[in-house]
Amino acid sequence: MAPLCLSESIEKPVHWEMPGQSRQVYFFDELVSTMDTALDLARNDCKSGTVVVAGRQTKGRGRMTRVWHSKEGGLYFTVVLKPDLPLVKAPLVCFAASFAMAQTLNQCFGVDARVKWPNDLLVESSKISGMLSQIEIQADRILFLNIGIGLNVNNMPAELLPESTSLRAILNRRLSRKEILFDFLNRLDTRLSSHDAVDAIIADWKTLTVTIGRTVKIITSRGVYQGIARDVDSSGALILEQEDGKIQTVLYGDCFHQ
Ligand code: BTN
C-alpha cells in the first residue's frame with residue numbers, strides 16, 4: 008500500500024470502511040484541498056479507487072482557477088482512478104462520474120438533478136455539484152485520473168452564492184455524506200466496469216442533460232464561443248452552432264446557459 012505521506016495534513020485520517028470492498032477511503036476533518044492529498048497518493052502508487060474526503064477545505068479549488076467554498080456539511084472528495092483506457096477516452100470517465108452522481112441524487116433522494124456540460128449538476132438551474140479533474144499521462148497512457156467532486160449536502164451555499172443549492176435546502180433534512188459517497192462509488196464502478204459500459208456513457212449522460220438545445224456561452228483557454236448547443240459527440244465534446252451558422256466543436260470549457 009502507498010505510504011500516506013501527506014505533507015499538508017497534520018491530522019491522521021479516519022478510514023471509512025465501505026461494505027464488501029477493500030477500497031481505501033480516507034476521511035480528514037480538514038484539508039487544504041482533497042486534490043492535493045489525492046495527487047500525493049496517486050504519485051505514490053496508491054490503488055485505483057482510493058478516495059480522499061475532507062469535512063471542510065481551506066482552499067477548495069473550482070474549475071478555471073475559481074475557489075470552491077468548502078464549509079462543513081458539504082461532501083468534498085477526490086477519487087484516484089487508474090483506468091485501462093486510451094487517453095482519448097479519459098473525458099468519458101468524467102462524464103461517467105457526473106452521471107453516477109446525478110443517479111445517486113435522483114434515485115436515492117427523488118431529486119431531479121440534471122447535468123450541465125461538461126460535468127456540473129443542477130437542480131432547477133441551481134448548482135448543487137461541481138467537478139474538477141487532474142490527469143497524469145506517460146506517452147498515450149493514463150497514469151492516473153483524479154476526479155474531485157464537491158456536492159452541497161448539509162451546507163447552505165446560497166447564503167454566499169445565490170445560484171446554488173444543497174440537498175438540505177431541497178429536502179429540508181440532513182443526510183449522511185458517507186452513504187451518499189458509497190452509493191456514488193458503487194455506481195461509478197458499474198459505469199467503468201467494462202469497455203462497453205464506458206462507450207455507453209455519453210448516450211446515458213444525454214438523457215439527463217439540460218445543455219443540448221440551449222443558447223450557451225463557452226469560455227475556454229483558447230477563447231469564448233457562443234451559440235446553440237446542438238449535441239455532445241462520442242468523445243464528450245460539445246457541438247456548437249454559432250450565430251453565423253458555423254459548427255464549432257469544443258472539447259472543454261466553462262459553460263454558461265444564456
Ligand atoms: C467547479 O464546479 O468549479 C468544480 C468544483 C470542484 C470542487 C471539488 S471539492 C473536492 C475537490 N477538491 C477541490 O479542491 N476541488 C474539488
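Just so you know, we're using the working numbering here: the sequence shown kicks off at 8 and counts up by one. Each residue gets a CB set at the ideal place from its N, CA and C atoms; glycine is no exception. Bear in mind that the values here come from a model prediction, so they are computed numbers and not experimental data.
- Within 7 Å: the Cβ of Asp-47 and any heavy atom of the ligand BTN? no
- Message: Let's see if you can read the secondary structure: which residues bound the beta strand (DSSP E) around Asn-126?
- Response: From DSSP, Asn-126 is part of no beta strand (DSSP E); its letter is neither H nor E.
- Would you give the residue range spanned by the beta strand (DSSP E) that Asn-153 belongs to? 148-158
- Which first and last residues belong to the alpha helix (DSSP H) in which Val-118 is found? Premise fails: Val-118 is in no alpha helix (DSSP H) and is neither H nor E.
- DSSP state of Val-217 mapped onto helix, strand, coil: Note: Val-217 maps to coil in three-state DSSP.
- Query: For Ser-201, is the classification buried or exposed, using 16 other Cβ atoms within 10 angstroms of its Cβ as the cut-off for buried?
  - Reply: exposed
- Message: Tell me the rounded alpha-carbon separation between His-76 and Asp-147.
- Response: Distance between the alpha carbons of His-76 and Asp-147: 34 Å.
- Secondary structure at Leu-192, three-state DSSP: helix, strand or coil? helix
- Message: Could you check whether the Cβ of Ser-40 sits closer than 7 Å to any heavy atom belonging to the ligand BTN?
- Response: yes
- How long is the line joining the alpha carbons of Thr-5 and Glu-18, rounded to whole angstroms? The structure shown does not extend to residue 5, since the chain spans only 8 to 265, so no value can be given for it.
- Pairwise C-alpha distance: Arg-70 and Asp-251: Taking the straight line joining both Cα atoms gives about 29 Å.
- Message: Can you tell me whether Met-138 sits near the ligand BTN, meaning its C-beta is under 7 Å from at least one heavy atom of the ligand?
- Response: Yes, the beta carbon of Met-138 sits closer than 7 Å to at least one heavy atom of the ligand BTN.
- Task: Compute the Euclidean distance between the alpha carbons of Phe-263 and Pro-164, then round it to the nearest angstrom.
- Result: 19 Å
- Task: Provide the residue span of the alpha helix (DSSP H) that contains Met-42, from first to last.
- Result: 41-50
- Would DSSP call His-22 helix, strand or coil? strand
- Kindly give me the distance between the Cβ atoms of Phe-106 and Trp-23, rounded to whole angstroms, as I take these residues to be in contact under 8 Å. With a Cβ gap of about 23 Å, Phe-106 and Trp-23 do not count as contacting.
- Close beta carbons around Val-239, own chain, < 8 Å, minus the five adjacent residues each side: Cβ within range, chain order: Trp-124, Ile-209, Trp-212, Lys-213, Thr-216, Thr-218, Ile-219, Leu-245 and Ile-246.
- For Phe-1, collect the residues of the same chain with a Cβ closer than 6 Å to its Cβ; drop the 5 residues on either side in sequence, then sort them by chain order. With the chain running from 8 to 265 in the structure shown, residue 1 is simply not present.
- Item | Supposed contact pair Met-138 and Ala-104 - C-beta distance, whole angstroms, cut 8 Å | 6 Å
- Query: Cβ-heavy atom distance between Gly-80 and the ligand BTN below 7 Å?
  - Reply: no
- Item | Residues bridged to Arg-63 [DSSP beta-bridge criterion] | Glu-37
- Quick one: does the C-beta of Ile-156 sit closer than 7 Å to a heavy atom of the ligand BTN? yes
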